[in-house]
Amino acid sequence: MTDIANRPKARLTTLGQLSLTLVARDGTPRILLKPSKPLIDVNSRVNVDSLPLKVWVGVRHVGRDGYIQMIGDDIALSEALSRVVGGCSELQVVTQSLSITTFRLIPPDLSDDSEVVGEYLNKLNEDLVNRRQAGGEAFISNAGVDGKYLLSACIVNFRTTLSDVEALPEIVIRLGTELDSDLRPESLRSNRGVV
54 MTDIANRPKA RLTTLGQLSL TLVARDGTPR ILLKPSKPLI DVNSRVNVDS
104 LPLKVWVGVR HVGRDGYIQM IGDDIALSEA LSRVVGGCSE LQVVTQSLSI
154 TTFRLIPPDL SDDSEVVGEY LNKLNEDLVN RRQAGGEAFI SNAGVDGKYL
204 LSACIVNFRT TLSDVEALPE IVIRLGTELD SDLRPESLRS NRGVV
């Protein structure tokens, strides 16, 4: 067997910080992946340039049918999240498509029937997203639909479980209630206690 250092090589391309190298081994081409430097030294986040590599590795690992199953599982979890969120009086589902569910927190004593309340709800939900991302308990992003600031949960991690999805509304409501107590303007505080 020939030592890898003595094999003929042809550099194909670089995706982010990973070099792909074509190695001829007894006439059989193979692809080697090698970081140009330790990835932790480059960036703790995977960058967008590495997305094709992640897809390729995923397909190689689980196969086409496995990848289809994982996508189907993500969609089913998003649909479950939509149902769980829809069952909470403090939360309003706005959209659910593929593996993405968008929703927002509306304290039960407020209704989005005025511009002032709408602006406050946007601020409340924006702060909620920022606190969730900093807190680490759950990661949610944001979306905007018809001028409304929404929480957006996009399920793409194969480690996400139904119990994770079922826990998210309680986390959002708990933190949202705390934020509402701190952020609500005096002009909207008279609504407190009215259900």
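Residue numbers (our numbering): 54 to 248.
Cβ coordinates follow ideal geometry from the N, Cα and C atoms, glycine included.
Enclosing beta strand (DSSP E) for residue i [first to last residue]
i	result
L232	From DSSP, L232 is part of no beta strand (DSSP E) but of the alpha helix (DSSP H) over 215-236.
For residue i: DSSP bridge partner residues
i	result
Q149	T154
L144	L158
CB contact check: residue i to chain E, cutoff 8 Å
i	result
P161	This model lacks chain E altogether; it includes just one protein chain.
Beta-carbon proximity check, residue i vs residue j, cutoff 8 Å
i	j	result
D180	L236	yes
L30	T155	Given that the chain is displayed from residue 54 to residue 248, the structure contains no residue 30 and the question cannot be resolved.
V225	L144	yes
Q149	S167	no
V182	S164	no
Y173	L241	yes
I208	L130	yes
V147	K201	yes
R184	F192	no
Host alpha helix (DSSP H) of residue i (start-end)
i	result
S240	239-242
Rounded C-alpha distance that separates residue i from residue j
i	j	result
G197	T213	24 Å
R157	G140	13 Å
N210	V108	13 Å
L232	P160	11 Å
G119	E223	31 Å
V137	A187	24 Å
L151	S205	12 Å
D199	G111	36 Å
I128	R117	17 Å
Ranges of the beta strand (DSSP E) found wholly within the segment 156-213, counting only runs of at least 3: Counting only unbroken stretches of 3 or more residues, the beta strand (DSSP E) elements lying wholly within the segment 156-213 are 194-198, 201-207, in sequence order.
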